[in-house]
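Engineer: In this text, residue positions in the sequence shown follow my numbering: the first is -2, and each later residue adds one.
For every residue, glycine included, the Cβ atom is placed at its ideal position computed from N, Cα and C.
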Amino acid sequence: MKLFLFTDPHGDKKTIFNLIKKIKKSKPDLILCAGDLTNFGDNLRGLILKFESLKIPMLIIPGNHETNSDLNKALKKTKNILNLHKKSYELNNYLFFGYGLRGFEEINKDLEIIIPQFKKTVKDHQVILMTHQPPYNTKLDYLKDIGHQGNKSIRKFIRIIKPILAISGHLHENENKKDKIYSTKILNPGTNGMVIEV
-2 MKLFLFTDPH GDKKTIFNLI KKIKKSKPDL ILCAGDLTNF GDNLRGLILK FESLKIPMLI
58 IPGNHETNSD LNKALKKTKN ILNLHKKSYE LNNYLFFGYG LRGFEEINKD LEIIIPQFKK
118 TVKDHQVILM THQPPYNTKL DYLKDIGHQG NKSIRKFIRI IKPILAISGH LHENENKKDK
178 IYSTKILNPG TNGMVIEV
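1. Give the C-beta separation of P131 and H169 to the nearest angstrom, bearing in mind that I take them to be a contact with Cβ-Cβ under 8 Å.
2. Consult DSSP for D107 and reduce its assignment to one of helix, strand or coil.
3. Contact between the segment 108 to 126 and the segment 72 to 81: three or more CB pairs below 8 Å?
4. With DSSP collapsed to three states, give me the class of V119.
5. Note down, in chain order, each residue of its chain lying with its Cβ closer than 6 Å to the Cβ of S150, except the 5 sequence neighbours on either side.
6. Closer than 8 Å by C-beta to N90: which residues in its own chain qualify, once you throw out the five before and the five after it? Chain order, please.
7. If I13 and L44 are in contact, beta carbons under 8 Å, what's the gap, nearest whole angstrom?
8. Where do the ends of the alpha helix (DSSP H) carrying K149 lie?
9. Between T135 and the rest of its own chain, which residues show a CB-CB distance below 7 Å, the 5 nearest in sequence each way excluded?
10. What does DSSP give as the partner residues of E87 in its beta bridges?
11. Grouping DSSP H, G and I as helix and E and B as strand, with all else coil, what is D67?
12. According to DSSP, simplified to helix, strand and coil, what is H169?
13. Tell whether a beta-carbon distance below 9 Å holds between G8 and L34.
14. Return yes when the Cβ of L0 is within less than 9 Å of the Cβ of I17, no when it is not.
15. According to DSSP, what are the bridge partners of K182?
16. Would R152 pass as a contact of Y139 if the rule is Cβ separation under 9 Å?
This is the structure we're talking about:
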């Protein structure tokens, strides 16, 4: 299955244009956006409609630049795009789970409550996790002179659920970086996006 992944375009017209061009060329089975499609919610509906017009299934989560309720409003009457925040989506033998919002939070109690509930649904599926904030203590959350800015609850989710892949964004300095937590590949696909096969 071919996935097109991207994060944090912040509504930049040139970036959105280039992403759509790449998506059309690569013809993925599924598009994933790890948040911050907009800059503080500006033109969210307009941007959603651009991706809706591609007629390719898309999973998106809110970043720290859009609210969950605003994203849900922008998605009204769309057929191809799903807000994955605190939801799962099954495709073939893959189970996608998303958790958006927030930027600089060390622990998220809400996510920790979800972990045992979600574990019961995994069964034989291969899990792909998409969060806005990166997991703690990786190449994806390290900022020079500041240190690790990731989320320990996301790392806990990865340790317990063991997804095959974890996608995140938020820290623009770490675009296109990859790492591993145990057997889980983690990556920040960046604003330019990337195609991967799973």
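Structural biologist: Looking at the atomic coordinates:
1. Incorrect: roughly 12 Å between the Cβ atoms, too far for contact.
2. helix
3. no
4. helix
5. I104, N105, L108 and E109
6. D121, H122 and Q123
7. 6 Å
8. K149 to I158
9. G147, D176, I178 and I183
10. L92
11. helix
12. helix
13. yes
14. no
15. L162 and K177
16. no
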